Each structure stands twice: as structure tokens, then as C-alpha cells.
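In the UniProt record's numbering, the protein residues as written are 1 to 393.
Here a beta-carbon is modelled for each residue, glycine too, at the ideal position from N, C-alpha and C.
Values in this document were obtained by computation on a predicted structure and should not be read as measured data.
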Ligand SMILES: Nc1nc2c(c(=O)[nH]1)N[C@H]1C(S)=C(S)[C@@H](COP(=O)(O)O)O[C@H]1N2
Ligand SMILES: [Mo]
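Printed below as a string of C-alpha cells:
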């Protein structure tokens with residue numbers, strides 16, 4: 001791993017914003033407060049959730065850093081950071097969401113295993129870098145190829161961090177070659193986040209960004225890319241980040257029966273209110289985020305003040321101040337939408353948000369129907385309680 005090193009302990013972690021809610025200290029897993037999350041369309045790097053499985057790697061010599069591209073390809077090649085920067089640069093606004101977002105709420109019905117997350121294990125950033133499709137072309141894999149002449153069908157990204165799930169080995173994950181070679185999927189090797197050099201927490205010097213797909217496939221601190229015949233055999237592709245039905249428990253689980261999760265489903269959450277609120281006034285502003293995976297944009301967000309019996313439509317905006325245009329081309333198809341609605345509450349109410357994506361997929365009503373033992377993809381209707389008056393009952 002030239003130029004890039006993985007510490008074996010947590011004595012050399014980067015500084016972090018003091019307002020982050022820490023869900024696990026070692027490895028460092030933290031999310032912003034929900035109200036701060038929606039204060040900007042582009043999430044500031046400091047407030048962007050941080051999801052790690054080991055100590056944060058260090059670049060000790062950027063001149064010596066290189067990315068090696070190997071496997072079932074005709075040209076094996078190493079790329080310096082200069083080589084990557086010399087390729088056409090793309091900026092893609094994409095929301096990265098951890099599959100574990102809203103896990104804590106899923107655990108309340110029935111216990112699940114995994115780091116607990118509130119509703120802010122996601123963020124929207126402007127990623128800058130080279131397209132993976134361009135890099136693959138330089139090693140002889142043509143655009144839109146779904147297999148290489150040597151039988152490569154998947155692209156594995158390998159890091160250097162030491163993860164206990166991999167028995168001290170690095171984090172790795174793969175995506176299908178057809179997604180990697182298609183420029184329309186906007187898979188990036190990113191060296192910038194919000195116009196600044198990527199920082200250590202988010203993958204310096206180079207990370208993968210797979211838009212519209214659960215965060216687990218966007219490998220940070222990229223060390224090598226491997227073109228392989230089958231999906232990555234690593235823990236995070238084979239034994240984690242898979243969606244099981246509610247009947248599967250830790251006694252009868254058979255990991256090989258399920259596919260690695262890729263796209264995330266339609267999601268939304270109310271961020272301007274806490275889970276329980278006592279308000280002086282019945283006029284309530286309901287604000288939050290809505291996002292869907294696979295490049296399926298958000299069609300609308302519905303808000304209810306009676307637990308889901310009746311609904312009103314939220315107003316939406318792609319960026320603060322820019323109104324949504326019904327037939328406009330959505331240039332930010334990988335990005336979230338921030339929504340807002342003004343509602344009136346009499347005494348008390350359960351306020352609910354549910355988003356609908358452009359394929360008319362809707363969030364499920366109850367968490368019970370999508371409960372799974374790893375607690376991933378909790379996209380059930382987000383509900384908060386509001387009481388008007390004084391806190392004493
Ligand atoms: N090398 C490496 N890459 C990684 C991880 C990791 O632990 N190590 N975590 C993954 C997961 S599960 C998520 S959700 C995202 C989080 O990215 P962020 O910390 O930049 O928000 O990174 C992914 N890439
Ligand atoms: Mo994640």
C-alpha cells in the first residue's frame with residue numbers, strides 16, 4: 001500500500017465537529033443532529049455522517065500513493081493521483097446513505113444487530129473526480145462492457161483500513177462491471193467533496209462514490225481495483241448488507257441465499273421536529289429530506305397530521321429558493337429533495353411523512369413489515385408526536 005497506511009489503533013484519528021452525535025467511538029461512527037442536517041441542500045463536510053469499520057488510514061507520502069488496477073483485464077496498470085486528476089473531471093451531486101440509517105427505530109419493534117443510527121446517517125455532497133468508466137477504458141475495458149474478454153463481470157474496490165469483520169484485513173466491496181463501465185451511472189473515483197480536497201474521514205486521497213446505491217459500496221481510501229468473475233468474497237458483500245425477510249433469525253440465516261443490497265429504496269424523514277415535541281403554538285413547519293436510489297428522483301412527499309388517515313402534499317424544492325418544476329429535467333437525480341409543509345395541529349397529533357419516487361414506489365407504512373435481523377433499510381413512514389400546550393400532562 002504505497003503512500004497510504006492503516007493504523008492498528010485509534011491514536012491518530014482526525015479532528016471532528018463537536019456537535020456530531022457519536023454512535024460508536026472506535027471505530028468512529030457519528031451523525032449530525034436532524035435539524036442541522038436540513039439547514040443546507042449541500043451538507044457541510046464537518047456535519048456529514050461518518051461511517052467507519054476501523055481506524056482512519058493516513059497518507060504519509062502522496063507522491064508515492066498509487067491506485068493499482070488488476071484482475072481479469074488485458075492491461076494491468078498503476079495510477080498516481082496526477083494520472084487520476086489528468087482525466088476529465090466530473091462533479092456529481094449525490095446523496096450517500098448508510099443502509100443502517102434509522103436502524104435504532106427498527107430495533108424498537110424487535111432487536112436488531114448493528115451500530116445504532118438515528119435519521120441522519122446520510123448527507124448530500126458535490127463529489128468531484130474521475131469517472132470509473134474512463135479509468136477502466138485505460139486498462140482495456142470498453143464503455144458499456146458487461147464482461148471483459150477474460151471473463152471479468154464485477155469490479156471490486158479494496159481499501160487499506162483494518163476491519164475486525166475482515167479479521168484485520170481491509171474493507172472491500174464490489175459492483176457489477178456493467179454499472180462501472182456505463183458513464184450514465186456516474187460512478188466516480190472522487191478526490192473532492194464540496195469543492196475541497198477529500199478529507200481523511202471521507203476517504204483521502206481517493207474514494208469510490210456509487211450514486212443511488214447504499215453507502216457500503218462507496219469504498220474509501222481506495223488502494224486497488226480488481227476486475228473479477230464473481231461478486232467480492234469479502235465480508236461486507238457476502239455476510240453483511242443483505243436484506244432478509246422478517247422470518248429469518250440468527251439461527252436459520254443462510255447468507256448465500258440473498259443478493260448483496262445495491263440500490264436503496266425510497267426514503268424520507270422529518271427533521272424539523274424531534275420524536276416527541278411540546279409546542280406553544282399549533283402552527284407547525286414540517287421540514288425534512290426525501291431521496292430514492294437508482295437515480296429515481298422524488299415525485300412528491302405527503303404529510304399527515306392524523307397518523308396517516310388524511311394527507312396534504314408538501315411543497316418541494318431541489319435547492320432552497322429554487323422551485324420544483326413538474327416537467328423539468330432533474331439534473332440532480334442522485335440527490336435528495338428537501339421538503340416543507342405548513343400544518344396546523346389542534347391538541348396533539350402524530351405527524352407523518354411519506355415520499356413517493358418517480359417509479360411510484362412508496363415507503364412502507366410500518367416498520368414491522370420490513371423488519372430484518374441486521375436492521376438495514378428502515379424506510380417506514382417517519383412519525384413524530386406533537387402536543388400543543390405545556391409539557392406536564
Ligand atoms: N474503506 C472503507 N470504506 C467504506 C467504509 C469503511 O468502513 N471502510 N464504510 C462504508 C459505509 S458502510 C458507508 S455508509 C460509507 C460512509 O461514508 P462516509 O463516512 O464518507 O459518510 O462508506 C463506506 N466505505
Ligand atoms: Mo453504511
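Exercise. Report the rounded CA-to-CA distance for residue 303 versus residue 354, giving the unit in angstroms.
Key: As a working note, residue 303 is residue 303 in the chain shown. As a working note, residue 354 is residue 354 in the chain shown. Cα-Cα distance, rounded: 7 Å.
Quiz item: If you run the structure through DSSP and keep just helix, strand and coil, what is residue 346?
Solution: Residue 346 sits at position 346 when you count from the first residue of the chain shown. Residue 346 falls in the coil class under three-state DSSP.
Quiz item: Just the Cα atoms here: how many angstroms apart are residue 131 and residue 205?
Solution: Here residue 131 refers to the residue found at position 131 when the chain shown is read from its first residue. Here residue 205 refers to the residue found at position 205 when the chain shown is read from its first residue. Between residue 131 and residue 205, the C-alpha separation is close to 15 Å.
Quiz item: In the DSSP assignment, what residue or residues form a beta bridge with residue 93?
Solution: Taking the chain shown and counting its residues from 1, the one referred to as residue 93 is at position 93. In the DSSP output, where bridge partners are listed per residue, residue 93 has 126.
Practice problem: Return the residue from the list 372, 346, 382 that minimises the CA-CA distance to residue 363. | Solution: Here residue 363 corresponds to residue number 363 of the chain shown, with the count starting at 1. Residue 363 has its Cα closest to that of 382, out of 372, 346, 382.
Self-check item: Candidates 93, 47, 387: closest to residue 185 by CA position
Solution: One-based indexing of the chain shown puts residue 185 at position 185. It is 93 whose Cα lies nearest to the Cα of residue 185.
Exercise. Give the C-beta separation of residue 3 and residue 60 to the nearest angstrom, bearing in mind that I take them to be a contact with Cβ-Cβ under 8 Å.
Key: By one-based count along the chain shown, residue 3 stands at place 3. By one-based count along the chain shown, residue 60 stands at place 60. Confirmed, about 7 Å.
Quiz prompt | Status (buried if at least 16 other CB within 10 Å, exposed otherwise) for residue 49 | solution = Here residue 49 corresponds to residue number 49 of the chain shown, with the count starting at 1. Buried is the call here.
Quiz item: Quick one, which of 62, 292, 128 has its alpha-carbon nearest residue 336's?
Solution: One-based indexing of the chain shown puts residue 336 at position 336. Measuring from the Cα of residue 336, the nearest candidate turns out to be 292.
Quiz prompt | Cβ-Cβ separation, residue 141 to residue 172 (assumed contact under 8 Å), whole Å | solution = For the purposes of this step, residue 172 is identified with residue 172 of the chain shown, where counting begins at 1. For the purposes of this step, residue 141 is identified with residue 141 of the chain shown, where counting begins at 1. Actually they do not touch by this definition, with Cβ atoms about 19 Å apart.
Quiz item: Are there 16 or more other CB atoms within 10 angstroms of the CB of residue 260, so buried, or fewer, so exposed?
Solution: Here the question's residue 260 lines up with position 260 in the chain shown. Counting Cβ neighbours within 10 Å, residue 260 comes out buried, since at least 16 surround it.
Quiz item: Where does residue 53 sit, in a helix, a strand or coil, going by DSSP?
Solution: The residue you call residue 53 lines up with position 53 of the chain shown. Three-state result, residue 53: coil.
Practice problem: With a threshold of 7 Å, establish whether the CB of residue 114 neighbours any heavy atom of ligand 2. | Solution: Residue mapping note: residue 114 aligns to position 114 of the chain shown, counting from 1. For ligand 2, not one heavy atom lies less than 7 Å from the Cβ of residue 114.
Self-check item: Inter-residue spacing [alpha-carbon to alpha-carbon] between residue 256 and residue 215
Solution: Residue mapping note: residue 256 aligns to position 256 of the chain shown, counting from 1. Residue mapping note: residue 215 aligns to position 215 of the chain shown, counting from 1. When rounded, the distance between both Cα atoms is 21 Å.
Practice problem: Starting from the N-terminal side, write out each stretch of the alpha helix (DSSP H) that is 4 residues or longer and does not extend beyond the stretch 134-188. | Solution: 177-180
Practice problem: Would you kindly work out how many angstroms separate the C-alpha atoms of residue 277 and residue 343, rounded to a whole number? | Solution: Start at 1 with the first residue of the chain shown, and residue 277 comes out as number 277. Start at 1 with the first residue of the chain shown, and residue 343 comes out as number 343. The alpha-carbon atoms of residue 277 and residue 343 are separated by roughly 15 Å.
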